[in-house]
Amino acid sequence: MNNSHVNYYADVLCPWCYIGHRRLRAATAGRPGSVHRRAFELAPALSREPGTTAAEQMADASWWGRNAEARIAEIRATGASEGVELNLHLARPVNSFDAHRLVKLAAAHDRDDEVLEAVLFGYHTEGRNIADHAVLEDIGVAAGLERRDVRSTLAGSAFGADVRADERAARSSGVTGVPSLVIDGAPPVSGVLPVDALADLIA
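According to full-length UniProt numbering, the sequence shown is numbered sequentially starting from 1.
Written out as structure tokens, the structure is:
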């Protein structure tokens, strides 16, 4: 593999980002440190309190309406093909800013892949509230972080500037949706390409 600089922009609320995360893992297997995981909030104005489920929101007329059931089935089937259980009837969209800060803390300890996977699993599979600090603390500790580090990070503003910097970089790179890959400053490409295609792009 060459020394390509790979930025992977994702939001933990996005089911396609979970699929992309798994595919990117497979595409970069045995190449630690080859991907920089970047934050991108799809809905920064969301509350920290869970409301309706992702499936209910997708069924709204302003989203997919009557096509929602088929689209949700497609997402779930694609996830299943990557070993991901996407329970859109359990997941309730919330503000993801602190979840991104947790992943930034994890990156400082070379645990961002593990922690991102754990957050994605907690939200998409278990339907946990990933805006709740207690939930994030448990997820971070279970994924290998020190409890005191997680607790102090979430209680303050640490890594918030890093999340905002990622989002500014995303806009300047032309990223408008996620998951997206920006490789060596080239225009963004889809982060849910097949594993072989991702591997070829990166290598």
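Glycine included, every Cβ here is placed at the ideal spot set by N, Cα and C.
The DSSP assignment places complete alpha helix (DSSP H) segments of no fewer than 4 residues inside the region 7–54 at 15–27, in order along the chain.
Residue range 112–120 is occupied by the alpha helix (DSSP H) that includes L116, with no beta strand (DSSP E) assigned at that position. Burial check for N7: the Cβ neighbour count within 10 Å reaches 16 or more, so the residue is buried.
One thing to note: V103 has its Cβ within 8 angstroms of the Cβ of D112. The region 63–80 and the region 23–39 do not touch, with fewer than three beta-carbon pairs separated by less than 8 angstroms. Per DSSP, I139 is one residue of the alpha helix (DSSP H) stretching across 133–142. As computed with DSSP, V182 is found in a beta bridge with N7. Spatial neighbours of S4 in its own chain (CB-CB distance under 7 angstroms, excluding positions within 5 residues in sequence) are listed in chain order as I183, D184, I202. V189 has L181 as its beta-bridge partners, per DSSP. If you check the CB distance, F97 and E41 come in under 8 angstroms.
P44 places its beta carbon 8 angstroms or farther from that of H124. As the crow flies, the alpha-carbon of N129 is around 29 angstroms from that of L193.
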